[in-house]
Structures are given as structure tokens and as C-alpha cells.
Amino acid sequence: MSTLSSQPYKGTRDYYPAEKRIQNFIFNNWKRVAVRYGYEEYGAPMIEPIEIYAAKSGQELASEQTYMFTDRGSRTVAIRPEMTPSISRMVAARRQEMAYPARLFSIANFMRYERPQRGREREFWQLNVDIFGLEGALPESEIIAMGAEFLNVFGATDDMYSIKINNRKLINFMMAHYLGLDTVQAQLMIKLFDRKNKISTDEFRDQALDILGESMAEAGLAKISTLLNAHTMADLPEEIRQSNAVKEVQELFTLLDAAGIKNAVFDITLMRGLDYYTGTVFEFFDNHPDNNRSLFGGGRYDGLVGLFGAEQISAVGMAPGLSMTELFLQSHDLLPKLPSTTDVYIAVLGDEMLAGAMKLAAELRNEGVNTELDVTGRKLDKQIKTAVKKDIAFIVFVGEEELKTEMYSFKDTASSEEQKLSFERIVTTVKDRRRVHSDDLDDLFE
């Protein structure tokens with residue numbers, strides 16, 4: 000029999016305790032911000048019928064990137080590659096019962112069959128925040144402000160990231176009226192613009208020529224050049240500036256400015272690849288030279304709920320991802336050193352002391368002190384090495400004298416300082432440390 004591989008499936012990650020602490024630190028901060036904004040948590044199935052992804056997410060996602068299989072009832076189903084169709088289905092199912100605006104969030108894992116690379120895995124975790132039932136630019140401004148808070152809560156500042164904003168109505172106007180493209184050409188050009196930063200200038204030009212065709216090539220390339228050089232809305236051609244879509248974008252920037260968002264910029268090339276966006280689209284970008292890339296994004300998608308037979312309802316959402324958030328924090332040195340969730344390691348000085356040590360461990364746990372008891376009977380030096388290797392903050396030594404006097408040798412593993420403390424002082428010392436490191440520790444213990 001061949002030896003089984005100890006490596007995880009390609010494109011997935013194992014989360015050992017140190018990595019899980021980072022995951023929980025990020026998740027708990029996300030949850031804290033979402034709840035602060037009045038969003039409530041929901042859950043959805045990991046498996047959905049393939050039709051809900053094929054209908055609006057785009058054929059690339061549904062056909063090429065989805066983990067799809069036939070179940071025992073001969074139904075074609077998929078492991079969720081995203082959450083937006085699922086939450087739209089859920090809202091449609093209770094369209095008349097829900098109170099609006101509905102503010103909802105979830106933290107869940109997803110799978111997409113794509114090439115694994117830095118910050119992008121086949122199994123990935125995302126926060127999904129969505130608001131249903133609000134028209135106008137206010138929900139977009141709220142969601143974008145939340146996106147900023149999802150970074151700022153970790154200590155990020157405005158100069159560390161930028162927020163790029165565009166509008167699908169503006170994109171459609173630009174493609175149909177300014178460039179004069181038909182529906183097929185427009186879809187191809189949108190996807191080309193979406194890939195602009197991933198291909199060379201020559202490749203972009205050649206593909207644009209193929210889409211435009213010989214009769215439109217010269218004028219079309221000149222107009223595309225004008226668009227690519229428009230770094231603000233004021234730089235857009237006059238006929239585009241007069242469109243209603245531009246007014247929507249201007250209203251959003253006014254609201255963002257009032258909300259204190261100063262690092263948002265207009266980007267005519269921002270497309271967002273998914274087909275279901277109908278209005279504002281946005282992406283948060285890391286400004287760090289070592290990680291200069293999109294962090295997460297979102298936008299308005301007013302058409303999805305209606306696909307499930309319910310009355311149409313407006314919706315805006317976004318989905319920050321775990322891996323990209325972790326890379327952002329690492330790049331900007333914002334990831335704290337996260338200690339073990341165990342406060343105290345009890346080292347036992349002899350097998351005959353085990354019963355007394357078990358009693359002490361139970362009493363500490365009753366006081367809210369997270370306690371690991373060594374029951375191995377190993378030599379003391381090995382017990383100490385275990386506590387240090389596990390990055391546990393304190394070691395309590397339990398021997399005959401300690402049990403008799405109820406004064407315990409108490410060691411700080413970081414400083415190696417050792418002192419004699421009563422039970423009450425051990426509890427106080429642990430809780431004092433928690434207060435000093437309250438932000439990081441609270442994020443681990445929630």
C-alpha cells in the first residue's frame with residue numbers, strides 16, 4: 000500500500016493553531032464592524048443548484064471555475080463559488096416577510112477551480128455584506144464606508160489603500176453610445192477592460208482591434224485612448240459627462256466625502272467581471288509596492304432577486320477575502336503577534352501530585368482562566384519545553400510544597416521571570432494581562 004500524502008488538496012490550506020488564531024482575529028474584527036453597522040448574520044448551504052450561478056454570474060464562473068457534480072438524485076449541483084446568488088435566493092424566498100432595508104452578513108468558505116497563486120486559493124474564506132431594499136447612492140456609500148472600516152479596524156490608514164469606483168450604467172453608455180459597439184462587442188470589450196492590468200499594452204491593443212473590427216478600428220482606438228487617459232470624471236468626453244450615469248457617480252463621491260472617505264478615486268477602466276452588476280462597482284486596492292493589487296470589491300446588483308420569481312428588489316454588496324486581508328496586514332506590518340488561547344500550563348512535579356493539580360486546573364477554569372494540565376508524567380524540562388513551544392503565556396508548577404502552602408511557582412514564559420503566587424493572584428495576573436492585550440485577546444476569545 001502506498002503512503003498517503005500529508006499535503007492538503009491543491010489550492011487549499013491547513014489551519015494549524017497559529018494560522019487559526021490569525022483567521023479568528025480577522026473574522027472577529029469583521030464581525031464586530033458588521034454588527035456595529037446594524038448588519039445581522041445569516042448562513043446558507045454549501046451546495047446549490049448549478050442554475051443559480053449560470054443565470055447571472057457568467058459562464059466562466061459557472062462552467063470553468065465551479066466544482067460541479069451530479070448528486071444521488073441526478074441533480075446537477077455545485078459547491079458554492081460565491082454567496083451573492085444564495086443570499087438573493089434567500090431574500091426572494093421571504094420577500095414579503097423581511098423588514099427593509101435588510102442588512103445581512105456572513106463569513107463562509109467557498110471553492111473555485113482556478114490556478115492557485117499568491118492570495119488566491121481554490122478554497123477561500125470571505126466576508127459577505129449586503130443591503131437590500133435601498134435605491135440611490137446611500138447604500139453604496141454605506142457599504143464602501145464599511146469596507147474602509149474593515150481595513151481601518153486593523154490599524155490601516157488612508158495612504159495604505161485606495162478605493163476605485165466606476166458605474167456599470169456609465170460603462171454601458173460608454174460602450175454603446177461613445178464607442179458604438181453592439182451587445183456582443185460591448186461584452187467582449189468590458190471583459191478586455193477588466194483584464195487591462197493583467198496583459199501587455201500590445202496585447203490589449205490587438206484584442207481591442209479584433210473586437211472593433213476593421214471599419215471601427217482607427218476611430219475606436221482613439222476613443223479608447225481618450226477613455227484610458229481620463230483619470231477624473233472631468234477628463235471624460237463631453238457626451239459621457241452629460242449622462243445620468245455620471246451624475247450617479249458624482250452623487251456617490253459627495254456622500255463618501257461627507258462620510259470622511261478621502262481616498263476614493265474614479266477609474267473608468269474598473270469593470271468587475273461578474274455579469275450581475277447593474278450600477279456602482281468598486282474595488283479596494285493595496286498601495287503597498289509589494290502587494291499592489293485588488294483586495295476586494297463589490298457593487299450594486301438589482302437583478303438577482305427577481306430571477307427567483309419574486310418582485311425585483313435593489314441590492315448592494317461586497318466580499319472581503321481572508322487571504323487578501325492577511326496579505327494586506329502582513330505587507331503593512333499590521334498583524335499582531337497572537338498568543339495561544341491557553342493562559343496557563345500546569346506542570347506537575349510527580350505523579351502523586353496529579354490529583355491536586357487536576358483540582359487546581361478545575362478551579363482556574365471556573366474563574367475563566369484557560370488552563371492546560373500536563374498529565375504525561377514527563378520530566379519537568381520537557382513539560383516546560385512543551386509550554387514554551389505552544390506559546391502559552393504562563394506556567395504554574397504544582398508540587399508537594401505548592402499544594403501544602405497553596406502558593407504556586409508561577410513563570411512568565413516570555414520574560415522567564417518566576418514568582419510565588421496564591422490562587423487569587425494567579426487569576427488576577429492572567430486577567431490583568433488580558434486587559435493589557437485586550438484588543439488582540441478579545442479577537443481570539445470571541
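Read in order, the letters of the sequence shown correspond to residues 0 to 445 in numbering that gives the first Met the number 0. C-beta: ideal position from N, C-alpha, C; glycine also.
Which of helix, strand or coil DSSP assigns to residue i
i	result
R299	strand
E446	Since the displayed the chain opens at 0 and closes at 445, residue 446 lies outside it and no answer follows.
I106	strand
Q116	strand
L180	coil
V368	coil
A221	helix
M97	coil
A229	coil
G187	Sequence check: residue 187 is Leu here, not Gly. Helix, per DSSP.
M174	helix
M317	strand
Q241	coil
S199	coil
K378	coil
Beta-carbon contacts of residue i that lie in its chain and below 7 Å, excluding the five residues immediately before and after
i	result
L333	F153, G154, A155
K163	V264, D266, L269, F281, E282, F284
L359	I345, V397
F68	V76
According to DSSP, residues forming a beta bridge with residue i
i	result
E282	K163, G296
E325	In the DSSP output, where bridge partners are listed per residue, E325 has none listed.
A77	E47, M67
D373	Looking at the DSSP assignment, D373 forms no beta bridge with any residue, so it has no partner.
A263	I162
I130	R102, V315
Q125	A107, G320
Heavy atom of the ligand NAP within 7 Å of residue i beta-carbon
i	result
L191	No copy of the ligand NAP occurs in the structure displayed, which carries no ligand at all.
Distance between beta carbons of residue j and residue i, contact taken as under 8 Å
i	j	result
Y177	P236	7 Å
G398	M352	6 Å
Q89	Y41	In the sequence on display, residue 89 carries Met and not Gln. 7 Å between Cβ atoms; contact.
A43	M82	7 Å
S242	F172	5 Å
E325	I25	7 Å
L254	A136	5 Å
6 Å CB neighbourhood of residue i in its chain, flanking five on each side removed
i	result
S339	K389, D390, I391
Q184	I210
V429	D342, V368
Y99	G132
D13	P7
Beta-carbon proximity list for residue i, same chain, < 8 Å, skipping 5 on both sides
i	result
Q64	P80, R111, Y112, E113
G308	A91
Ordered list of beta strand (DSSP E) runs contained in the segment 381-421, each at least 3 residues: Whole beta strand (DSSP E) segments, 3+ residues: 393-397, 406-411, 417-421.
Whole runs of the beta strand (DSSP E) within the segment 1-74, excluding any shorter than 3 residues: With a minimum length of 3 residues, the continuous beta strand (DSSP E) runs that stay inside the segment 1-74 are 46-48, 67-69.
Every unbroken alpha helix (DSSP H) inside the segment 325-366 [4 residues or more]: Counting only runs of 4 or more, we get 353-365.
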